[in-house]
Structures are given as C-alpha cells and as structure tokens.
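Residue numbers 266 to 615, in this note's numbering, belong to the letters of the sequence shown in order.
Just so you know, even glycine gets a beta-carbon here, dropped at the ideal spot from N, CA and C.
All figures in this text were calculated on a predicted structure; none of them were measured in a lab.
In what follows, a structure is listed as structure tokens, so that the remarks can point back to it.
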Amino acid sequence: NTVTADSSYLPWTVKADAGGNFVTNWTVCDCIGDSLRLKAYGLTTGFTAYAYFSDANVTFQVTGLPPGSGNPSITATYTVVTTSNGAFVSSGTRTFPYPGPSSPAIAVTNSQTIQYSFSNISIGGTVYSALGGSVVGANNGSGGQTINVVYNVSCTAPSTPTGRPTQTFCNAATIADLSATGTNIKWYAAATGGTALAPTTALVNGTHYYASQSTGACESQTRLDVTVAINHSPTITVQPTNQSTTYGNGGVTFNVTATGTPASTYQWQLNTGSGFSNISGETSTTLVLSNPAVSMSGRLYRVIATNTCSSTPSEGVSLTVSKASLTVTADNQSKVYGGVDPALTKTVTG
266 NTVTADSSYL
276 PWTVKADAGG
286 NFVTNWTVCD
296 CIGDSLRLKA
306 YGLTTGFTAY
316 AYFSDANVTF
326 QVTGLPPGSG
336 NPSITATYTV
346 VTTSNGAFVS
356 SGTRTFPYPG
366 PSSPAIAVTN
376 SQTIQYSFSN
386 ISIGGTVYSA
396 LGGSVVGANN
406 GSGGQTINVV
416 YNVSCTAPST
426 PTGRPTQTFC
436 NAATIADLSA
446 TGTNIKWYAA
456 ATGGTALAPT
466 TALVNGTHYY
476 ASQSTGACES
486 QTRLDVTVAI
496 NHSPTITVQP
506 TNQSTTYGNG
516 GVTFNVTATG
526 TPASTYQWQL
536 NTGSGFSNIS
546 GETSTTLVLS
556 NPAVSMSGRL
566 YRVIATNTCS
576 STPSEGVSLT
586 VSKASLTVTA
596 DNQSKVYGGV
606 DPALTKTVTG
C-alpha cells in the first residue's frame, strides 16, 4: 500500500506567491499507518517543500437522555497526550446540542491518547451524568473513531422545602437566621435563577427571600417564598425629667417618648430607697402625681418601655416636694377700760 511520488494520481497546479511560497490542501484516501511520499515540481533552488498530515479524528456520540427533552447543551472536555509518554499535546472543550445533527470532532494521530469527560445535564429537575474515560487515537483503520457515551440518571429534583412564609427578627439578622425545612438549604434573592446568597448577607425588612433544597447534584425546581419582617427594640427618645413642687401647689407630671416596632407598652416604677418596683395602674407615657406630700420628696421614678424584642428602662428621675411657707396672723381684738380681757386668737396659713 505504499504510495510513491510517481503513482497514478492526478496532478494539480498550485500558484506560488511573489516569494515562491505556496500552500495547498488535499485529501488522502489511504488507511492510517500507510506511508506516503510526495514530490513538488517547479521549486526554486534552496526552497524546501513540507507536507503536514492530520491522519484521523475522534468524534463523540451521546445516548441515554430522554426523548423530547429539547436541546440540552452537551459539553465534552478533553486533553490530548502522547500515548508513549503522556506528554501534553492539546486540550479544550467541544459543546454541541443533543440530539444534534453532528458530534464535535478532535483531530488526533494514532500515537496520541484522548482523555475526556462530559458535563452533567439537567432536564426537568433530573440530573443525568456520563462517565469519562480515555481512548488511544483514531487507529481503527477507517480514519476516525467514535466515543460512545451513555448518560444515566444521577438524581431527581427534590420537592420544595417548607417553612414559615413570614419570619420576624429583632434589630438585625442575616441569611443564616432564616429557617426552612429540607436538605442542603440554599437561599436566593429571586424565585428562579441567580446565585445563592452568602450566610452573612444582611436581611432587609419587607424583602422576599427564596429557599431551595438539594439532593446530591439535584436542586428543587421551585423555591419557598419567605417575607422578612425586622422589628426594633424600644429606644427612649425623650427622657422624663426631674420634677419639683411646693406642697399644696398641685400635682407634677412625668413624660416619656419611645420608638420601636412594634409599639411599646409602658410601666412606671418607683424607688423609695430599696430598688425600683412597679406602680400599679401606671401604664401610659405619662405619670401624674396629684398634690404629692412632702414625705414623697426624694423618691425616684422611671418607666420601662417593652415590645416583642426587648425592654428598655428610662433614666431614673427625682421628685422634690418643698414645705409650704407658714404664716401666723393675730386676730385684732378690742377692750373697754376696766372691762374683761378679750380672748386672743390667731390665723395660720401655709
């Protein structure tokens, strides 16, 4: 099967450029392993003719995916090495639709080995996988070799995880604080697509977050929708202030203002020297003491603002009640000379 330069193949003419260089292509219809000698005519002295051959290729053939599955994209990743010592030759990927009109080809020689792997394919929530492998170059005697790869079911998508549709937190929370029942839970910012959020991502009040669960390489096709509510502990924005009065001049009023969500409830407290205790019935933002006695002077008052997050006490403030000024006025009396002395009387005020 040796072909010589004088064999009865039809000649063809190649036009050289101004420098005497030319490039041409032709098809060799002989089997791999045959020797071939070519002769170039018309060369100027000093020029050398070179012939380069790609003597075969490897193609991929995929089976095993379900019919009517559309056109999933198949990706083959390969590396070509020399069969003799494993030296690297080339590498790359070939992507093609399944089922497609053709499979991607890789040019190799019979002295090379191709190592290959295939990407997983997800169809309707079911993941299919194919085994990788290696094959010695296209040395099957027909100028090419086909790698037949069978896809098998790797796993099937699990159901949507379950959980509370509204989840409430106090002050600050992160993705790690969200709750869902399932396996390998991942949280997303969208109902479909996107990248899973990091556990340290801060939650935003009123925002929807979406949870999936996974079994192996399979992730649920639908996600749990959770709305986040962020509440805030009470903050005393206007503190009560010290109050002073004089006995008999009327009452005093202590006031407080607090913020927080949900709205706070209030409880006023009294400290007479042994610690604060609740004042029965005083549960508004205002505490009114009507005509306090001098004996109440020096007492401390505060209020506790409470909501579902926590309780916050106000500052303790004091009550001062001064004694009223005392005025003694003698009543006017008169007497007739020689008569009986009148009784002396006085009027006390204050």
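| said: Which of the three DSSP states is assigned to A570 in this structure? | reply: Strand.
| query | According to the Cβ coordinates, are S419 and N385 closer than 8 Å? | reply | Note that the C-beta distance between S419 and N385 is below 8 Å.
| Do N470 and G525 have their CB atoms nearer than 8 Å? | Result no, Cβ atoms of N470 and G525 do not sit closer than 8 Å.
| task | Look up I440 in the DSSP assignment and say whether it is helix, strand or coil. | result | It is helical.
| task | Classify L396 as buried or exposed, calling it buried when 16 or more other Cβ atoms lie within 10 Å of its own Cβ. | result | Classification for L396: exposed.
| said: Can you find the residues in the same chain that come closer than 7 Å, C-beta to C-beta, to D606, ignoring five residues on each side of it along the sequence? | reply: Only residues of its own chain outside the window of five on either side were considered, and among them K600 have a CB closer than 7 Å to the CB of D606, listed in chain order.
| task | Have a look at T548, A422 and S356 and flag the residue whose alpha-carbon is nearest the alpha-carbon of T530. | result | A check of alpha carbon separations from T530 across T548, A422 and S356 identifies T548 as the nearest.
| message | So, for T612: in the same chain, excluding its five sequence neighbours on each side, which residues have a beta-carbon less than 7 Å away from its beta-carbon? | response | Apart from sequence neighbours up to five positions away, the residues of its chain that approach T612 with a beta-carbon distance below 7 Å are T594 and D596, ordered along the chain.
| query | Among T374, A558 and T502, which residue has its Cα nearest to the Cα of E580? | reply | The shortest C-alpha separation from E580 is found at T502.
| message | Assuming R567 and V582 are in contact, meaning their beta carbons sit under 8 Å apart, how far apart are those beta carbons, in whole angstroms? | response | So it is a contact: roughly 7 Å between Cβ atoms.
| query | CB-CB under 8 Å to N536, same chain, minus the five flanking residues each way: which ones, in chain order? | reply | Apart from sequence neighbours up to five positions away, the residues of its chain that approach N536 with a beta-carbon distance below 8 Å are S542, R564, L565, Y566, R567 and G581, ordered along the chain.
| query | Residue ranges of each beta strand (DSSP E) run of no fewer than 3 residues wholly in the region 331–391, ordered along the chain? | reply | When DSSP assignments are scanned along the region 331–391, the uninterrupted stretches of beta strand (DSSP E) that are 3 or more residues long and fall wholly within it turn out to be 338–347, 353–362, 370–373, 377–383 and 386–388.
| request: Note down the Cα distance separating A445 from G428, rounded to an integer number of angstroms. | output: Roughly 5 Å separates the two Cα atoms.
| query | Counting Cβ pairs, one atom from each stretch, are 3 or more of them under 8 Å apart for the region 507–520 and the region 465–479? | reply | Judged by Cβ distances under 8 Å, the region 507–520 makes no contact with the region 465–479, as fewer than three pairs qualify.
| Who are N520's beta bridge partners in DSSP? | For N520, DSSP records a beta bridge to T551.
| field | 3-residue-minimum beta strand (DSSP E) runs that sit fully inside the region 473–516, ordered along the chain | value | Counting whole runs of 3 or more residues, the region 473–516 contains the beta strand (DSSP E) stretches 473–477, 489–503 and 508–511.
| said: Can you list, in chain order, the residues of its chain with a C-beta nearer than 7 Å to that of N436? Leave out the 5 residues immediately preceding and following it. | reply: Answer for N436: H497, S498 and C574, listed in chain order.
| request: Note the first and the last residue of the continuous beta strand (DSSP E) segment covering I412. | output: I412: member of the beta strand (DSSP E) spanning G409 to V415, first to last residue.
| task | Report the option in N286, T360, V401 and N322 whose CA atom is closest to the CA atom of S349. | result | Taking each of N286, T360, V401 and N322 in turn and checking the Cα distance to S349, the smallest one comes out for V401.
| said: Per the DSSP calculation, G398 is bridged to which residue(s)? | reply: The secondary-structure analysis by DSSP pairs G398 across a beta bridge with Y381.
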